[in-house]
Ligand SMILES: [Zn+2]
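Residue numbers (this note's numbering): 26 to 476.
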C-alpha cells in the first residue's frame, strides 16, 4: 500500500457531503433498501467527503483480490486513498448506485447515472459509472464536477489572447470548420466550447444544434427542432435565420462529417473530434470526407494538454543553468524558474509531515491545472503538404516550419511564467502509460540538473 493510507482518516471529522438526489430524472429509493443504507451510507459519505476535500476530480473503487482499492485522481494523478474489505467494497458500490437511482439488483451490466451533492457550500454533480468486472463484482468510477467551475469561456481557462484573436479572425467570415481534438475525458468538449466562445457573439449570430446539458453556452441560440428534424434540416433552418456560426458538438463519423463540410462554405462550424493530435485529426478527416472537402473547408484544429499548476505558496524559485535554458530554447534572460519544494527526508524523524509542509496544497505541491495548447492552421503551404498525401508527421513538420503553436513549446511558456515546473512537464509529456501509474503521495525525488 502507498504511504497515502496513513492519511485516510484526516478528513473524517471534517465537512460531510450532502446528497441532494439522483440526476437525469431518476429516483433513489433509500427506504426500500434499509439494510444496504445501514451497511454502506456512512462509508460512502466518508469516501466522497474526503475525495471532495482533497479536490479529487475522479474517485475510483476497483476490486483487487479480496479487497477494493479506493483511489482519488487529483489534478490528473491517481492516489491510493484507502482499501475496503470485500463485502464493504460491494456495499459501497451498491450504495452509490442506489443514490444515483441505478438498478441495485443488477450487477452484471454496465450502468451510468449521477448524483447531485453539496459540500462545503459548493454544489457538485457526481457522474457515476459502474462496470462489471467478474462474477457480481463491479468497478465504480465517479467523475466530480463542481457546478460553479464551468470552464467554458476563454477567460475561465486563461486561453491565450493571441489564440483567441486568431480564432476571432477565422470566424469573421461565416464559413469553415474549426475543431477541438483530444481523447475522451481530456477536456475536449469544454475546449470546443471555449473555442466557440472566442467568436464575437455581439457581431455574429451563433447557434447550437446539440443539447449541451448542464453546460450552458453563452449568447448562443438553440436551434428550434421538431421531432423528426435531422442535422440537415437544422442547418438549413439556421441558414434561413441568417446564422453565422454553429456549435455542432462531436463529429463522430464520415457521414456526419460529410454533411458538415457541405455547409462549410456558408456557415462557420465548431465542434470536436476524437484524436490524439491535430495532425492526426486532419488525416482522419481526409480519410472520412476526402481532400476536396478538407482543403477548402477546414480552418483549424486545436488541442490542449492539462498540466498541474505549482502551488504558489510553497513553490521554490531557482536560477536556471544557462545551458539548460539554451537546450530548451528558453529566453537567455530568464533568471528565475520555479519547482516543487524538496520532499521531507525519510531518515529524519523530526522532519515535517507532508500535510504540515503547506496548508494550501497539503504538500502535494501542485494545486489545480492549467492548459497548454496546440493549433493546426490551414495555410496555402499546408494545403500542398496534405494534397501530396502528407502523413500526420509531415503535417506536424509543416506546423513546426510555419511556427504554428505546438504543445511542448506552449507548455514551456507556462514554465517561464512560473505557473508550472520543468519536472511537471517531464511527467506530463512522458508516455501515457507511465503517466497513469498511481503516484506516491510524497513528491518524487528529482534529479538535480548538473551544475
Ligand atoms: Zn503548497
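For glycine and all other residues, C-beta sits at the position ideal for the given N, C-alpha and C. The structure presented is a predicted model; accordingly, all values stated were derived computationally and were not measured.
Taking Cβ positions, are residue i and residue j nearer each other than 8 Å?
i: residue 270; j: residue 199; result: yes
i: residue 298; j: residue 206; result: yes
i: residue 340; j: residue 365; result: yes
i: residue 136; j: residue 127; result: yes
i: residue 239; j: residue 150; result: yes
i: residue 293; j: residue 338; result: no
i: residue 397; j: residue 439; result: yes
i: residue 245; j: residue 219; result: no
i: residue 210; j: residue 327; result: no
i: residue 307; j: residue 420; result: yes
i: residue 276; j: residue 411; result: no
i: residue 3; j: residue 259; result: Residue 3 is absent from the model: the chain starts at 26 and stops at 476.
i: residue 272; j: residue 242; result: yes
i: residue 142; j: residue 256; result: no
i: residue 314; j: residue 345; result: no
i: residue 204; j: residue 114; result: no
i: residue 262; j: residue 252; result: no
i: residue 332; j: residue 453; result: yes
i: residue 139; j: residue 152; result: yes
Answer with yes or no whether the minimum CB distance from residue i to chain D is below 8 Å.
i: residue 174; result: Protein chains in the displayed structure number just one, and chain D is not present.
Under 7 Å from any heavy atom of ligand 1, does the C-beta of residue i make it?
i: residue 368; result: no
i: residue 338; result: yes
i: residue 383; result: yes
i: residue 390; result: yes
i: residue 386; result: yes
Excluding the 5 residues preceding and the 5 following residue i in the sequence, name in chain order all residues of the same chain whose CB lies nearer than 6 Å to its CB.
i: residue 178; result: 222
i: residue 41; result: 70, 74
i: residue 154; result: 137, 166
i: residue 268; result: 230, 232
i: residue 286; result: 314, 318, 322
i: residue 450; result: 436
i: residue 470; result: Annotation note: pLDDT 42 at residue 470 (below 50); position unreliable, no value reported.
Let me know the secondary structure DSSP gives residue i once reduced to three states.
i: residue 41; result: coil
i: residue 449; result: helix
i: residue 85; result: strand
i: residue 430; result: coil
i: residue 117; result: helix
i: residue 198; result: coil
i: residue 454; result: coil
i: residue 51; result: coil
i: residue 103; result: strand
i: residue 292; result: coil
i: residue 413; result: coil
i: residue 74; result: helix
i: residue 403; result: coil
i: residue 443; result: coil
i: residue 125; result: coil
i: residue 93; result: strand
i: residue 80; result: coil
i: residue 11; result: This structure leaves residue 11 out entirely; the chain is present only between 26 and 476.
For residue i, collect the residues of the same chain with a Cβ closer than 8 Å to its Cβ; drop the 5 residues on either side in sequence, then sort them by chain order.
i: residue 120; result: 61, 62, 64, 65, 66, 68, 69
i: residue 91; result: 110, 111
i: residue 403; result: 320, 323, 324, 325
So, for residue i: in the same chain, excluding its five sequence neighbours on each side, which residues have a beta-carbon less than 7 Å away from its beta-carbon?
i: residue 334; result: 391, 392, 393, 394, 395, 444, 445
i: residue 158; result: 88, 164
i: residue 481; result: In the structure displayed, the chain extends from 26 to 476; residue 481 sits before or after that span and is not available.
* To do: Give, in chain order, every unbroken run of the alpha helix (DSSP H) that is at least 4 residues long and sits entirely within the segment 127 to 185.
  => 179 to 182
* To do: Please go through the segment 205 to 277 and give each complete beta strand (DSSP E) segment of 3 or more residues, from N-terminal end onward.
  => 231 to 233, 270 to 275
* Asked: Quick one: complete alpha helix (DSSP H) runs, 4+ long, within the segment 303 to 389?
  -> 303 to 314, 316 to 322, 347 to 353, 379 to 382
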